[in-house]
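To start, the structure itself, in structure tokens.
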Amino acid sequence: MGNFFIEYRDPMFGILVLFAIIFIISFVNYWWGNYKSKEEKNDIAQFIKRFEIVSDENAFKKLLKDHTIPIESLVLLAHSYSKSGDFEKAINLYLLALERTPKRDEKKYILSELGKTYFKAGFLRRSEDIFLESLRLHPRNEESLKYLSVTYEKLKEYEKAIEVLDSLEELGAKVTKQRAYLKALFIIYNHKLTTSEKLKSLKELLKDAKFLERIYFEFSIQAMEEFEILEFEKFEHKKMLDLLWHCEDKRIFLSQSKIVQEVASARGMRDPIESFEYFELEVIAKLLTLDYKRASLNFEYICSDCKQSFPVHFYRCPNCQSIDTVLIEPIITKESYEKNLSFQ
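Going by this note's numbering, the letters in the sequence shown line up with residues 66 to 409, in that order.
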């Protein structure tokens with residue numbers, strides 16, 4: 066027994082044991098890596114089958130099955146199809162690229178783009194599945210988290226959307242505006258609250274999120290609820306220009322706000338003021354003094370982040386998903402009057 070311990074203390078024996086342990090650990094690590102890689106590959110293959118679109122364009126699909134086409138080309142072509150609105154071809158291309166790529170970073174990017182394509186196409190539940198799969202493989206994917214939150218917002222599942230923001234915040238993203246906006250939507254669409262309770266809750270949000278003033282004002286008008294003019298005086302009226310133009314509540318025009326008075330002048334509700342900030346309102350007000358009443362306003366809505374323009378107002382940009390980036394641009398148009406048509 067004593068001889069055994071002598072041999073055990075032999076330096077060569079210790080080195081052999083160390084190399085044996087390193088070999089075992091390396092082998093187990095290599096085997097586990099291969100196992101996880103095959104498991105991930107099988108998961109991706111099964112995942113792709115759930116979303117594959119059956120197309121009659123066999124020639125198109127045969128061409129795409131050609132493995133000589135680089136993955137980068139497939140993804141670039143898919144992006145072009147998605148941008149032009151041909152979502153079916155874009156989805157097929159992304160799925161093929163996802164099936165062929167062995168790289169984790171490429172899978173991360175392709176899954177995000179595939180989810181965004183389904184989102185743009187209006188398949189919200191499918192985009193939700195894609196983003197969840199993307200996050201299962203890459204939990205720190207900020208792009209997928211961002212669009213997953215927006216997807217839940219579109220599905221009116223606001224509590225889930227806010228939960229996703231918690232994960233984004235842990236990754237260092239700034240989500241203050243998104244959180245306040247989602248809370249406002251949750252309040253407005255909460256059927257358990259009365260109108261007065263909703264207005265009270267929205268008013269509380271305004272203390273830390275001034276950009277929600279328009280939502281509060283718009284909801285008040287739609288609900289036909291009264292609110293204090295003194296409170297309205299403090300609002301940023303530039304962001305409500307279109308609402309003021311179409312508003313029928315004359316109490317609002319008692320405000321001494323310059324922009325409100327400009328709108329009142331252009332609508333003929335008071336004498337023209339001396340100076341105008343908006344040229345379009347000044348022109349219409351001057352035309353009214355000449356008894357010309359056929360000029361009116363339309364509005365264009367531009368995102369200050371992505372510079373895209375839209376014909377309707379948005380709180381979240383439909384293109385880049387940014388919040389509180391809308392710029393309202395008035396456009397002078399010819400007033401149109403509806404005529405009563407009779408088919409008798």
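The beta carbon of each residue, even a glycine, is placed where N, CA and C say it ideally should be.
Looking at residue i: is its Cβ nearer than 8 Å to the Cβ of residue j?
i, j, result
"Ile195", "Leu210", "no"
"Tyr212", "Phe184", "yes"
"Ile324", "Glu342", "yes"
"Glu224", "Phe251", "yes"
"Ile338", "Glu327", "yes"
"Ala331", "Leu319", "no"
"Phe300", "Glu269", "no"
"Leu49", "Ile286", "Nothing can be reported for residue 49, as the shown portion of the chain is limited to 66 through 409."
"Asn363", "Gln373", "no"
"Ile253", "Lys265", "no"
Residue i: which of the options sits nearest, CA to CA?
i, options, result
"Met305", "His378, His256 and Ser330", "His378"
"Leu176", "Lys154, Pro376, Leu200 and Tyr146", "Leu200"
"Ser145", "Val229, Ile397, Lys315 and Tyr159", "Tyr159"
"Ala162", "Ile136, Ser149, Asp151 and Glu193", "Ile136"
"Asp336", "Val140, Ile227, Ile349 and Ile286", "Ile349"
"Ser340", "Lys351, Arg332, Met334 and Gly333", "Lys351"
"Ile397", "Ala360, Ser369 and Tyr380", "Ala360"
"Leu271", "Phe297, Glu198, Asn255 and Lys372", "Phe297"
"Arg244", "His203, Leu230, Gly237 and Leu236", "Leu230"
"Cys371", "Leu309, Cys382 and Glu365", "Cys382"
"Gly333", "Leu355, Glu365 and Ala288", "Leu355"
Would DSSP call residue i helix, strand or coil?
i, result
"Leu240", "Sequence inspection shows Val at residue 240; the Leu mentioned does not correspond to that position. Three-state result, Val240: coil."
"Ile338", "coil"
"Asn157", "helix"
"His132", "coil"
"Lys248", "helix"
"Ser374", "strand"
"Leu362", "strand"
"Ala394", "A small correction: the amino acid at residue 394 is Glu; Ala does not occupy that position in the sequence shown. It is a strand residue."
"Arg201", "helix"
"Phe272", "Per the sequence presented here, residue 272 reads as Lys, with Phe not at that position. Lys272: coil per DSSP, three-state reduction."
"Arg332", "coil"
"Lys221", "coil"
"Lys399", "strand"
Classify residue i as buried or exposed, calling it buried when 16 or more other Cβ atoms lie within 10 Å of its own Cβ.
i, result
"Asp389", "buried"
"Arg205", "exposed"
"Ile227", "buried"
"Ala238", "exposed"
"Phe408", "Unreliable placement is indicated for Phe408, whose pLDDT of 34 sits below 50; the coordinate value is still reported in the next sentence. It is exposed - the Cβ of Phe408 has fewer than 16 other Cβ atoms within 10 Å."
"Phe344", "exposed"
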